[in-house]
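Numbering (the numbering used here), first residue to last: 1 to 201.
If you want it as structure tokens, here you go:
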């Protein structure tokens, strides 16, 4: 059976909070404090994204969970080496925080490894282009208020929202839509993109 002929919708209700998954051990995890950034937090593991010929709502749910886990990991660690092949690095929510870290000027301090909480706002994705099998799925990312950005130059803690240079936060959260399109041939890859509702770009 051709990939596009498989049943896309599975009838499940995926709305609600999505679990954060980061179980790839990178070393002894040490939370960040005012003296140093976080050391070796568990990283997202792409291994659970099984390579199949399926293109289903369940498969998209897995893809988007991985994207969410990568965004959370970037805030928690500011470490990109475990994600260097991932497009999410070019799409990070708060590049200004990453710049602070790379310049040795600051990092995120948090009591909870789960800085972001992602919610699916619809039970299933919507097919917006039947011919090309393009789908959209609305989500929301909440930011826990306890997570702060520490700046070495001032010695102070600041809300993550203060570093929203992309202008993607609305009412304390990031609203947006995942858009996906399956590969048209075996030589291509599926396309997955997160489109923020608010953006300066």
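All C-beta atoms in this analysis are idealised placements derived from N, C-alpha and C, irrespective of residue type, glycine included.
Rounded separation between residue i and residue j - CA only
| i | j | result |
| --- | --- | --- |
| residue 70 | residue 79 | 10 Å |
| residue 66 | residue 27 | 21 Å |
| residue 81 | residue 108 | 18 Å |
| residue 12 | residue 159 | 36 Å |
| residue 194 | residue 24 | 24 Å |
| residue 51 | residue 186 | Interpretation of residue 51 is limited by its pLDDT of 49, a score under 50 that renders its predicted location unreliable; no figure is taken from the coordinates. |
| residue 8 | residue 62 | 14 Å |
| residue 208 | residue 121 | With the chain covering only 1 through 201, there is no way to say anything about residue 208. |
| residue 92 | residue 14 | 24 Å |
| residue 30 | residue 192 | 33 Å |
When the options are compared against residue i, the one with the closest alpha-carbon
| i | options | result |
| --- | --- | --- |
| residue 175 | 62, 143 and 101 | 143 |
| residue 40 | 163, 10, 76 and 9 | 76 |
| residue 17 | 32, 45 and 64 | 64 |
| residue 179 | 169, 128, 87 and 153 | 128 |
| residue 140 | 60, 68, 35 and 46 | 68 |
| residue 137 | 74, 31, 59 and 32 | 59 |
| residue 161 | 32, 154, 119 and 97 | 97 |
For residue i, the first and last residue of its enclosing alpha helix (DSSP H)
| i | result |
| --- | --- |
| residue 58 | 57–77 |
First and last residue of the uninterrupted beta strand (DSSP E) at residue i
| i | result |
| --- | --- |
| residue 98 | Run containing residue 98: none in the beta strand (DSSP E); it sits in the alpha helix (DSSP H), 95–102. |
| residue 136 | 134–143 |
| residue 129 | 126–129 |
| residue 92 | Here residue 92 belongs to no beta strand (DSSP E), and DSSP marks it neither H nor E. |
| residue 191 | 191–196 |
| residue 17 | 16–18 |
Residue i burial status per 10 Å Cβ neighbour count (16 or more: buried)
| i | result |
| --- | --- |
| residue 57 | buried |
| residue 145 | exposed |
| residue 164 | buried |
| residue 130 | exposed |
| residue 197 | exposed |
| residue 188 | exposed |
| residue 125 | buried |
Beta-carbon proximity list for residue i, same chain, < 7 Å, skipping 5 on both sides
| i | result |
| --- | --- |
| residue 114 | 20 and 72 |
| residue 106 | 100, 149, 150, 151 and 152 |
Sequence-distant residues of the same chain with beta carbon closer than 6 Å to residue i, five excluded per side
| i | result |
| --- | --- |
| residue 182 | 55, 133 and 190 |
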